[in-house]
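Enquirer: Quick note, the sequence shown lines up with residues -23 to -1, 1 to 176 if you use mature numbering (1 follows the signal peptide of the UniProt record, and there is no 0).
Glycine residues also receive a C-beta, built at the ideal position from the N, C-alpha and C atoms.
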Amino acid sequence: MLHQRTRALGSLVGLCTVGALLAACGEQQAQTPPAEQQPGPAPIETTGTYEPYREGATAVTYKPDQVPPGSTAKLGVKTGGARTEVTVALTGLQPNRVYGAHVHTKPCGPTGDDAGPHFQQIPDPAKPSVDPKFANPENEVWLDFHTDAQGNGTATATGTWQLDRGDAQSFVVHETHTHTEPGKAGTAGGRLACLTAKF
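(1) Taking A50 as the reference, give the member of Q71, T23 and P41 with the closest Cα.
(2) Quick one: measure Cβ to Cβ for D121 and A103, integer angstroms, because I've assumed they're closer than 8 Å.
(3) For the stretch 161 to 170 against the stretch 127 to 144, are there 3 or more C-beta pairs whose distance is under 8 Å?
(4) In this structure, what does DSSP give as the bridge partners for H151?
(5) Between the Cα of G93 and those of G136, T155, V149 and I99, spot the shortest distance and give me the residue it belongs to.
(6) Using only alpha-carbon positions, find the residue among K175, A174, F176 and A170 that is nearest to Q43.
(7) Count the other C-beta atoms from every protein chain shown that fall within 10 angstroms of the C-beta of E117, then say buried if there are 16 or more, exposed otherwise.
(8) Over the uninterrupted beta strand (DSSP E) stretch that includes R60, give me the two end residues.
(9) What do you reckon, are the CB atoms on N73 and T124 nearer than 8 Å?
(10) When we look at the beta-carbon of G33 and count the other beta-carbons within 10 Å, is it buried (16 or more) or exposed?
(11) Applying the 10 Å Cβ sphere with the 16-neighbour rule, what's the burial state of G47?
(12) What is the rounded straight-line gap between the Cα of G25 and the Cα of D101?
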C-alpha cells in the first residue's frame, strides 16, 4: 500500500513539473512577437516645394498656373516582402481637378521631358510606350489624384515594382488623368511639375 502511494505521489510530482515547464514555455513564446509583426524597413521619403527650375532644385514647376510655386509634394516609398507601396501628398495646386502622375526614370531638369519615360518593371521595347501590355498600373507606378477645394491631393499605389534598381528617379505631375486605351495607354497630357525623389 505504501509502495502504491509513493508511485502515485511520484506521478503527481512529475505531472506538476511537466505542467510548469509547459507554462514557462508558453510565457516565453508569448513574449516573442511573430516574424510578421517585426518592423520592416523604414519608409523612404522625399519632400519638396515647387519652384521654377534652378540647378539643384528638388521640386520644379513647368506650369506655374497649374502647379504654383510654393505648392508642395511629399513622396513616400515603403517596401514589405515582395510588395512596394508608394504614397504621395500634394498641397497648394489648382482646386477640384484631376491630375495624372507617375514615377519616371530620370531626375528633373529644365524641361519636363528631362525626367525621361515612365518607370516600367518590364520595359516596353517600343518607345514611346503606349501599349496597355506595358503601359498599365501594374507595370508602371500610376499616382493620379483629385484635389480638394484647397488644392490638396493624395494617392497611393501598391505593386511588385523594384524601384531600388536605379531607373526610378522622379515623380511627375501631368495635366490630365492617365489614359488606358491602346495607342494612348500611359499618356496623361503635358508635364506640369517634377520632384526628384529617392526610391
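Expert: Reading it off the structure:
(1) T23
(2) With a Cβ gap of about 23 Å, D121 and A103 do not count as contacting.
(3) no
(4) G77 and R168
(5) V149
(6) A170
(7) buried
(8) R60 to T68
(9) yes
(10) exposed
(11) exposed
(12) 30 Å
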